[in-house]
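Contents: one structure, followed by commentary.
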Amino acid sequence: MSRNDRDEQGRFRPDHGDHEFLAAVAEREPAGTAEIAEAVGVTRQNADQRLRQLADDGKVTSKKVGGSLIWSATAAAVDVQHVDPDDGFWEAETYAGEEMSATDIDDVLYG
Numbered sequence: 107m108s109r110n111d112r113d114e115q116g117r118f119r120p121d122h123g124d125h126e127f128l129a130a131v132a133e134r135e136p137a138g139t140a141e142i143a144e145a146v147g148v149t150r151q152n153a154d155q156r157l158r159q160l161a162d163d164g165k166v167t168s169k170k171v172g173g174s175l176i177w178s179a180t181a182a183a184v185d186v187q188h189v190d191p192d193d194g195f196w197e198a199e200t201y202a203g204e205e206m207s208a209t210d211i212d213d214v215l216y217g
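Numbered per my numbering, the sequence shown spans residues 107 to 217.
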């Protein structure tokens, strides 16, 4: 690695951000370290180190199952998008078993 791969304190900059690890955990939880490593594209050791840092930051939790750590995202780590309670989507009636066309769905979503 070159000097350009280091931050101002001389530490190596990670190739993958916390958001990538958090997304991998959230999409697969509960997930083992090796599963997260494969999803992000890093070694198991790198994933373990980053997940432990995220646990220290309160963004993930772990539970030991057998000889493995299983990871889950905390509520604080979940990126909740704004939901408009006045959106017509929430007022749409649904009927079990009734087919809806793409036009029907567009009408509900876009008015």
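Glycine included, C-beta positions come from ideal geometry on N, C-alpha and C.
Since the structure is predicted, the reported quantities are computational estimates derived from the model, not experimental observations.
_On the DSSP bridge list, what partners appear for SER174?_
VAL171
*Just reading off the alpha helix (DSSP H) that HIS125 is part of, what are its end residues?*
124 to 134
*Taking PRO181 as the reference, which of PRO191, VAL131, MET206, ALA140 has the closest Cα?*
According to the sequence shown, residue 181 is Ala rather than Pro. For the residues PRO191, VAL131, MET206, ALA140, the minimum Cα distance to ALA181 belongs to VAL131.
*Look up VAL146 in the DSSP assignment and say whether it is helix, strand or coil.*
helix
*Do ARG134 and ALA143 come within 7 Å of each other at the CB atom, strictly closer than that value?*
no
*What is the DSSP secondary structure of GLY194, counted as helix, strand or coil?*
helix
_Cβ shell of ALA161 (< 7 Å), same chain only, five flanking positions each side left out_ = THR167, SER168
_Just to check my reading of the structure: GLU126 and VAL146 have Cβ atoms closer than 8 Å, yes? What is that Cβ distance to the nearest angstrom?_
5 Å
*asked:* Looking at the secondary structure, which residues open and close the alpha helix (DSSP H) in which ASP121 lies?
replied: Counting along the chain, ASP121 falls outside any alpha helix (DSSP H), and DSSP gives it neither H nor E.
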